[in-house]
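Residue numbers (full-length UniProt numbering): 1 to 73.
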Amino acid sequence: MDLNLRKAILTNIATNDHSQLEATIVDAIQDGEEKMLPGLGVLFELIWKASDEQEKQEMVEALEQGVKNATNS
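And the structure:
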């Protein structure tokens, strides 16, 4: 079976508006379900590809800080 998870995720959110996309992210994080991680990864990929170098550096810095906070708690 040929399963293109990235394409399936993009198809599922293709018609979502701003509030629906935000709700998807918030729900995935609040629920903490492992099955949501690939979807969040695809969303992050879209953000990363649309960002300039400054924004990418800011994301990496925020991620670094978030990892430190999560592992020091």
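Think of the CB as a built atom: it goes at the ideal place given N, C-alpha and C, for glycine as much as any other residue. Predicted, not measured: the structure shown is a model, and the values here were computed from it.
How far does the alpha helix (DSSP H) with residue 72 in it extend, from its first residue to its last?
First-last for residue 72: undefined, no H or E at that position.
With distances taken between CB atoms, is the gap from residue 28 to residue 40 smaller than 8 Å?
yes
When DSSP labels each residue in this structure, what does residue 66 get in the three-state scheme?
helix
Using only the alpha-carbon positions, how far apart do residue 46 and residue 63 sit?
16 Å
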